[in-house]
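The structure appears below as structure tokens.
Protein chains in written order, with the numbering used here: chain A, 1 to 137; chain B, 138 to 266.
Structure, rendered in structure tokens:
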């Protein structure tokens with residue numbers, strides 16, 4: 001396999017070319033991308049918390065920024081990513097335990113339906129923080 | 138394509154597979170507690186309907202050993218799950234699958250290092266700044 005050119009990975013004949021991918025493959029790619037994003041987030045999260053080592057004032061001023069509606073809206077993106085990863089992960093564990101693998105496509109869409117409901121719940125929980133300015137409270 | 142790819146499952150091993158599932162289930166539970174405690178529970182000046190978290194709020198929360206236990210075990214599980222997942226992604230590429238020892242050592246150092254960093258991060262909240 002030639003590593004030098006990335007055609008084998010992203011070219012038209014590769015497994016990853018969008019029209020070559022079926023449901024299970026999309027689920028897998030999605031799981032990896034969200035997984036990598038979440039690992040990056042964890043390190044970002046830790047580095048934000050570590051500002052308290054500089055001083056409690058530094059931590060508080062950073063928290064002021066991150067409680068702004070824009071950042072809370074970004075938290076909602078995080079909610080979507082986590083819920084997708086968790087629901088597809090539940091599907092993977094189900095298959096490992098021997099349930100539903102023959103109906104993997106259907107199981108994927110059921111998991112995504114549950115994910116959609118959870119995401120709406122997340123939006124409901126986060127709504128006021130984005131659209132109701134904190135100054136009023 | 139000259140040679141066959143190395144199967145990722147064979148390189149990664151059964152224990153990695155098992156702990157990935159175990160940590161996944163634990164993380165769902167821990168994340169639920171973590172989110173509720175950090176954002177929705179009334180602590181100090183923080184009430185469940187506002188976004189702002191202050192140093193004081195976190196300090197008050199971390200006065201109780203149970204919250205330190207939740208957060209720190211969550212960090213351990215996140216690192217296990219995240220770095221183990223990253224390891225699986227790496228092993229899908231032959232250049233990393235061929236260098237299993239280097240990858241494994243690197244990730245252990247990163248994981249344990251970050252776990253120790255977690256203590257450093259926690260410290261100011263415990264000593265009150």
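Where is the CB? At the ideal position from N, CA and C, for every residue including glycine.
Reduced DSSP secondary structure (H/G/I, E/B, other) of residue i
i                     : result
residue 226 (chain B) : helix
residue 54 (chain A)  : coil
residue 145 (chain B) : helix
Sequence-distant residues of its chain with Cβ nearer than 7 Å to residue i (five each side left out)
i                     : result
residue 216 (chain B) : 248, 251, 252
residue 90 (chain A)  : 111
residue 88 (chain A)  : 27, 30, 31, 111
residue 118 (chain A) : 83
residue 213 (chain B) : 252
Own chain, CB closer than 6 Å to residue i, minus 5 neighbours either side, in chain order
i                     : result
residue 224 (chain B) : 244
residue 24 (chain A)  : 104
residue 30 (chain A)  : none
residue 34 (chain A)  : 81, 84, 85
Short Cβ contact (8 Å threshold) for residue i with residue j
i                     : j                     : result
residue 114 (chain A) : residue 69 (chain A)  : no
residue 180 (chain B) : residue 234 (chain B) : no
residue 65 (chain A)  : residue 126 (chain A) : no
residue 203 (chain B) : residue 53 (chain A)  : no
residue 156 (chain B) : residue 221 (chain B) : yes
residue 158 (chain B) : residue 60 (chain A)  : no
residue 67 (chain A)  : residue 188 (chain B) : yes
residue 121 (chain A) : residue 76 (chain A)  : no
8 Å contact criterion, which residue i and residue j should meet: CB distance rounded
i                     : j                     : result
residue 71 (chain A)  : residue 62 (chain A)  : Not confirmed; about 10 Å, so no contact.
residue 150 (chain B) : residue 39 (chain A)  : Incorrect: roughly 20 Å between the Cβ atoms, too far for contact.
residue 227 (chain B) : residue 239 (chain B) : That belief does not hold up - the Cβ atoms of residue 227 (chain B) and residue 239 (chain B) are roughly 10 Å apart, past 8 Å.
residue 175 (chain B) : residue 93 (chain A)  : So it is not a contact: roughly 26 Å between Cβ atoms.
residue 98 (chain A)  : residue 107 (chain A) : At roughly 12 Å, the Cβ-Cβ gap does not stay under 8 Å, so residue 98 (chain A) and residue 107 (chain A) are not in contact.
residue 269 (chain B) : residue 145 (chain B) : With chain B running from 138 to 266 in the structure shown, residue 269 (chain B) is simply not present.
residue 46 (chain A)  : residue 254 (chain B) : 7 Å
Sequence-distant residues of its chain with Cβ nearer than 8 Å to residue i (five each side left out)
i                     : result
residue 171 (chain B) : 207, 208, 211
residue 262 (chain B) : 192, 195, 196, 199
residue 9 (chain A)   : 16
residue 169 (chain B) : none
residue 185 (chain B) : 176, 177, 178, 179
residue 183 (chain B) : 189, 190, 191, 194
residue 167 (chain B) : 207, 210, 211, 214
residue 136 (chain A) : Low local confidence applies: a pLDDT of 46 at residue 136 (chain A) is under 50, so the model's placement there is unreliable, with the coordinate-based value given in what follows. Cβ neighbours of residue 136 (chain A) beyond the five flanking positions: none.
heavy atom of the ligand MN below 7 Å from residue i C-beta
i                     : result
residue 197 (chain B) : Among the components modelled here there is no ligand, and therefore nothing to report on the ligand MN.
Inset, instruction - Compile a chain-ordered list of the residues in the stretch 86-109 of chain A whose CB is closer than 7 Å to at least one CB of chain B. - result: 86, 89, 93, 96
Inset, instruction - Check each residue of the stretch 13-46 of chain A: if its Cβ is closer than 8 Å to any Cβ of chain B, include it; give the result in chain order. - result: 32, 35, 36, 38, 39, 42, 43, 46
Legend entry - the stretch 177-194 of chain B: positions lying closer than 7 Å to chain A by Cβ: 186, 187, 188, 189, 190, 191, 192
Legend entry - Selection of the stretch 215-228 of chain B by Cβ proximity to chain A, strictly under 7 Å: 215, 219, 222, 223, 226
Inset, instruction - Residues of the stretch 230-260 of chain B with a CB closer than 9 Å to any CB of chain A: list them in chain order, please. - result: 230, 231, 232, 251, 254, 255, 257, 258, 259, 260
Legend entry - Contact set between the stretch 62-74 of chain A and chain B, restricted to residues whose Cβ is under 9 Å from the partner: Within the stretch 62-74 of chain A, the residues whose Cβ lies closer than 9 Å to some Cβ of chain B are 63, 64, 66, 67, 68, 69, 71, 72, listed in chain order.
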